[in-house]
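To start, the structure under review is shown below, and the notes come after it.
There are 2 protein chains.
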Amino acid sequence: MKGEPAGGSQIVFGTDESIAEEIASYPRTGRFLMGRLRHALSRDEKRLLEDMVTEVRTVEGGTALLHRNDLVNHSTLLIDGYMMRTVHDGSRRFILGLQVPGDFVDLHGFALKRLDHDLMAAGPIRVGIVSHERLEEVMQTQPHLARVLWFATLLDAAIHREWIMKLEQLTAARRVAHVFAELWQRLDQVGLGRTDSVRTPLIQADLADMCGTTAIHMNRALAQLRKEGIGELRRGTLYVADRRRLEEFGKFDASYLYGRGSLAVGTALDSPDRG
Amino acid sequence: MKGEPAGGSQIVFGTDESIAEEIASYPRTGRFLMGRLRHALSRDEKRLLEDMVTEVRTVEGGTALLHRNDLVNHSTLLIDGYMMRTVHDGSRRFILGLQVPGDFVDLHGFALKRLDHDLMAAGPIRVGIVSHERLEEVMQTQPHLARVLWFATLLDAAIHREWIMKLEQLTAARRVAHVFAELWQRLDQVGLGRTDSVRTPLIQADLADMCGTTAIHMNRALAQLRKEGIGELRRGTLYVADRRRLEEFGKFDASYLYGRGSLAVGTALDSPDRG
DNA sequence: CGTTCCCTTGAGTAGTTTCAATACTTGTGG
DNA sequence: CCACAAGTATTGAAACTACTCAAGGGAACG
Chain A
174 MKGEPAGGSQ
184 IVFGTDESIA
194 EEIASYPRTG
204 RFLMGRLRHA
214 LSRDEKRLLE
224 DMVTEVRTVE
234 GGTALLHRND
244 LVNHSTLLID
254 GYMMRTVHDG
264 SRRFILGLQV
274 PGDFVDLHGF
284 ALKRLDHDLM
294 AAGPIRVGIV
304 SHERLEEVMQ
314 TQPHLARVLW
324 FATLLDAAIH
334 REWIMKLEQL
344 TAARRVAHVF
354 AELWQRLDQV
364 GLGRTDSVRT
374 PLIQADLADM
384 CGTTAIHMNR
394 ALAQLRKEGI
404 GELRRGTLYV
414 ADRRRLEEFG
424 KFDASYLYGR
434 GSLAVGTALD
444 SPDRG
Chain B
174 MKGEPAGGSQ
184 IVFGTDESIA
194 EEIASYPRTG
204 RFLMGRLRHA
214 LSRDEKRLLE
224 DMVTEVRTVE
234 GGTALLHRND
244 LVNHSTLLID
254 GYMMRTVHDG
264 SRRFILGLQV
274 PGDFVDLHGF
284 ALKRLDHDLM
294 AAGPIRVGIV
304 SHERLEEVMQ
314 TQPHLARVLW
324 FATLLDAAIH
334 REWIMKLEQL
344 TAARRVAHVF
354 AELWQRLDQV
364 GLGRTDSVRT
374 PLIQADLADM
384 CGTTAIHMNR
394 ALAQLRKEGI
404 GELRRGTLYV
414 ADRRRLEEFG
424 KFDASYLYGR
434 GSLAVGTALD
444 SPDRG
């Protein structure tokens, strides 16, 4: 549960102490944009955001928090656990994205009012509820915070674009490698990355639906990762021998996550006084 | 150039007259969100938006308006022509999205400051420039308009998600069919849809790079569309015999475009007075 | 009137799907 | 504690989809 990733080759997103402090101060929203634009939020803005979460719910795995087409009047911040964006087409299911703690999973529902996909709990989760009334107030009175919220929804779009690339470019084995490399990096950003493994509640059929392949072929793809000594999946956890090889194999380059790196947001948005 | 699509099965997005009026009143921004949330903008907001475009540029096809990683201080509204979001990986190029007139193609650059992809003109284009200073003012003083701008960037994300589904699910032939079905619908929304064809400046290699396949295989996929009597591509223009069959073949369902349909934005966002 | 870019076709290979069958794992009830 | 059921994981073989290399044909533009 260290904040510092393995191998010494990775960037440190925060010390264990600073992360623990942040979670202690903001137990519901402390991971929101951690490792990305969180440093641009003032203490007041972070407090305001924390107080906007009026309710915390615990939900079982496999539950839909939201269905495609539902009219929504609140948004949901994922506090603990994993969620998936899914779409169902009669018999088949497609997974369009994966969410980790700190993600404001349906913040876009504030502007869209209806979503084009379902939001499913992958394993047990804890979520915080923010009413759209509160968000409306933020839009009216807190332009800087509003812009940071906007930024958060754009991060999802950037991840979508990377998935498009992943699907256009990679074979099934490389796609899973990419999925795990991304997940690991995102967990690192919010202080939940482990040293040598990535733990998820996902089964092979889930991974298949994320990678646009069949569960059977996903099984063979994972066998390839094992044979090549990149990593081994056992009961949802990928045990990784060499993180760098995992990332290379999956053609993963973290910059699209807008953490520290070439695309990282610079001083322009850093100061809350500007907004 | 009719606003009413062919076949009688499609929804009318605006009469020729109302579209012409809108373009006459707002020659640079008149197509922005047309057929989607434009009706939620007040006259004042539309005027403000039009006046935010301080410069119009004509650009040759093949030009990059913006490169991945560039620090940006303005955003770009596409007035005429087509653009593509691309990423280059040494030898290969990937196309992550396609933009049509009325699209605020790098509005997300306002919040992200650096983009993760290039923006290329596909064929000659005309664009309007909006400085980020102006956008900043809007964030400060026009919360309703700000929210509509936010909405516009979320539409792109919705299209990204559909592309993910398309790539996870469809064969190459069905993928191109989907690309053209989507494009047609989006052109209809902004009053540029034709009766029985979709005209683009795209070559087969472009289509291949959008569909995650090779130019050679794309050629065979297009041959299949021709053989099955769905449509025929000649010099960028797809001549469509039966629009409904094109959409069925590409498993296209327009609702993710948030025009009229089950996901269409309802009264909640309709009134500018609310914001 | 030839160069260049774009499109088309053929043949062999690689990656993926499908159907079918078999094991492993976990939780449950006897 | 064992037996069983349900869900999950694994393997084999044939069919399909897509990729690569190779070659040739067509249209546009100087």
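First to last, the protein sequences are chains A and B. All residue numbers for the first sequence refer to this note's numbering, where the first residue is 174 and numbers rise by one. All residue numbers for the second sequence refer to this note's numbering, where the first residue is 174 and numbers rise by one. All C-beta atoms in this analysis are idealised placements derived from N, C-alpha and C, irrespective of residue type, glycine included.
Going along the segment 331-351 of chain A in order, which residues come within less than 8 Å of chain B, judged by CB to CB distance?
Ala331, His333, Arg334, Glu335, Trp336, Ile337, Met338, Leu340, Glu341, Gln342
What does a CB cutoff of less than 8 Å around Leu221 of chain A pick up in its chain, not counting 5 residues either side in sequence?
Counting from 1 along the first sequence, the entry for residue 221 of chain A is found at position 48. Result list for Leu221 of chain A: Val311, Gln315, Leu318, in chain order.
Compute the distance between the beta-carbons of Ala354 of chain B and Glu420 of chain B, then report whether it is under 7 Å.
Start at 1 with the first residue of the second sequence, and residue 354 of chain B comes out as number 181. Start at 1 with the first residue of the second sequence, and residue 420 of chain B comes out as number 247. A contact, by the Cβ cut-off of 7 Å.
Would you verify that the beta carbon of Gln272 of chain B is, or is not, closer than 7 Å to some beta carbon of chain A?
Indexing the second sequence from 1 puts residue 272 of chain B at position 99. No, its Cβ sits nowhere closer than 7 Å to a Cβ of chain A.
Counting contacts by CB-CB distance shorter than 7 Å, is Gly423 of chain A in contact with chain B?
Against the first sequence, residue 423 of chain A aligns to sequence position 250. For Gly423 of chain A, the answer is no, since every Cβ of chain B falls outside 7 Å of its Cβ.
Restricting to Cα atoms, I'd like to know which of A:Ile389, A:Met207, A:Thr386 is closest to Leu360 of chain A.
Walking along the first sequence from the start, residue 360 of chain A turns up at place 187. When each option's Cα is compared against that of Leu360 of chain A, the closest is A:Met207.
Could you tell me the alpha carbon to alpha carbon distance between Ile184 of chain A and Ala325 of chain A, rounded to whole angstroms?
Within the first sequence, residue 184 of chain A is the residue found at index 11, counting from 1. Within the first sequence, residue 325 of chain A is the residue found at index 152, counting from 1. Residue placement at Ile184 of chain A is poorly supported in this model, since its pLDDT is 46, which falls under 50; the coordinates are not used for a value here.
Distance cutoff 7 Å, beta carbons only. Does Tyr429 of chain B sit that close to anything in chain A?
For this step, residue 429 of chain B is matched to residue 256 along the second sequence. It does; some Cβ of chain A falls within 7 Å.
With 7 Å as the threshold, decide whether the Cβ of Lys175 of chain B is near any Cβ in chain A.
By 1-based counting over the second sequence, the position of residue 175 of chain B is 2. Annotation note: pLDDT 38 at Lys175 of chain B (below 50); position unreliable, coordinate value reported separately. False, the Cβ-Cβ gap to chain A never drops below 7 Å.
Got a sec? Which residues, its chain only, sit under 7 Å from Val226 of chain B by beta carbon, not counting five neighbours each side?
What you label residue 226 of chain B is simply residue 53 of the second sequence in a count that begins at 1. Hits under 7 Å: Arg201, Thr202, Leu250, Gly301, Ile302, Val303.
Can a CB atom of chain B be found closer than 7 Å to the CB of Phe205 of chain A?
Position 32 of the first sequence, counted from the first residue, corresponds to residue 205 of chain A. No, Phe205 of chain A does not count as interfacial toward chain B.
Ends of the beta strand (DSSP E) at Ala427 of chain B?
The residue given as residue 427 of chain B occupies position 254 in the second sequence. Neither: Ala427 of chain B is in no beta strand (DSSP E) and is coded neither H nor E.
Assuming contact is defined by CB atoms lying nearer than 7 Å, are Gly364 of chain B and Ile192 of chain B in contact in what I supplied?
For this step, residue 364 of chain B is matched to residue 191 along the second sequence. For this step, residue 192 of chain B is matched to residue 19 along the second sequence. Using a Cβ distance threshold of 7 Å, Gly364 of chain B and Ile192 of chain B count as a contacting pair.
Quick one: give me the first and last residue of the beta strand (DSSP E) that Arg258 of chain A is part of.
By one-based count along the first sequence, residue 258 of chain A stands at place 85. Where Arg258 of chain A is concerned, the enclosing beta strand (DSSP E) stretches over 247-262.
Same chain only: Cβ atoms within 7 Å of Arg399 of chain B, ignoring 5 sequence neighbours per side:
As a working note, residue 399 of chain B is residue 226 in the second sequence. Glu405, listed in sequence order.
Hey, Glu223 of chain B and Tyr199 of chain B: beta-carbon distance below 7 Å or not?
By one-based count along the second sequence, residue 223 of chain B stands at place 50. By one-based count along the second sequence, residue 199 of chain B stands at place 26. Cβ distance < 7 Å, so Glu223 of chain B and Tyr199 of chain B count as in contact.
Is any beta-carbon of chain B found at less than 7 Å from that of Asp289 of chain A?
Looking up residue 289 of chain A in the first sequence gives position 116. At least one chain B Cβ lies under 7 Å of Asp289 of chain A.
Going by DSSP, name the residue or residues bridged to Glu228 of chain A.
The count along the first sequence starts at 1 and reaches residue 228 of chain A at position 55. Looking at the DSSP assignment, Glu228 of chain A forms a beta bridge with A:Ile302.
Work out the CA separation of Leu288 of chain B and Leu328 of chain B for me, nearest whole Å.
Taking the first residue of the second sequence as 1, we reach residue 328 of chain B at position 155. Taking the first residue of the second sequence as 1, we reach residue 288 of chain B at position 115. Roughly 17 Å separates the two Cα atoms.
When Cβ atoms are compared, which residues of the segment 298-331 of chain A fall closer than 7 Å to chain B?
Met312, Gln313, Pro316, Ala319, Arg320, Trp323, Phe324, Thr326, Leu327, Asp329, Ala330, Ala331
So for Asp291 of chain B, helix, strand or coil by DSSP?
Here residue 291 of chain B corresponds to residue number 118 of the second sequence, with the count starting at 1. Three-state DSSP puts Asp291 of chain B in a strand.
Please report the straight-line C-alpha distance between Tyr429 of chain B and Thr188 of chain A, rounded to a whole angstrom.
Within the second sequence, numbered from 1, the residue matching residue 429 of chain B stands at position 256. Within the first sequence, numbered from 1, the residue matching residue 188 of chain A stands at position 15. Approximately 41 Å, taken between the alpha carbons.
Could you confirm whether any beta carbon from chain A is found closer than 7 Å to the beta carbon of Asn242 of chain B?
The residue you call residue 242 of chain B lines up with position 69 of the second sequence. Interface residue, yes.
If you run the structure through DSSP and keep just helix, strand and coil, what is Leu442 of chain B?
Residue mapping note: residue 442 of chain B aligns to position 269 of the second sequence, counting from 1. At Leu442 of chain B, the pLDDT of 47 sits below 50, so the modelled position is not reliable; the number obtained from the coordinates is stated separately. In this structure, Leu442 of chain B counts as helix in the three-state DSSP scheme.
Out of B:Thr231, B:Ile252, B:Arg241, B:Val232, point me to the one whose CA is closest to Phe205 of chain B's CA.
Position 32 of the second sequence, counted from the first residue, corresponds to residue 205 of chain B. It is B:Ile252.
Please classify His261 of chain B as buried or exposed, where buried requires at least 16 neighbouring CB atoms within 10 angstroms.
Position 88 of the second sequence, counted from the start, is the residue given in the question as residue 261 of chain B. Exposed, by the Cβ-count rule.
Using a Cβ-Cβ distance under 7 Å, would Ala284 of chain B count as near chain A?
As a working note, residue 284 of chain B is residue 111 in the second sequence. Yes, contact with chain A.
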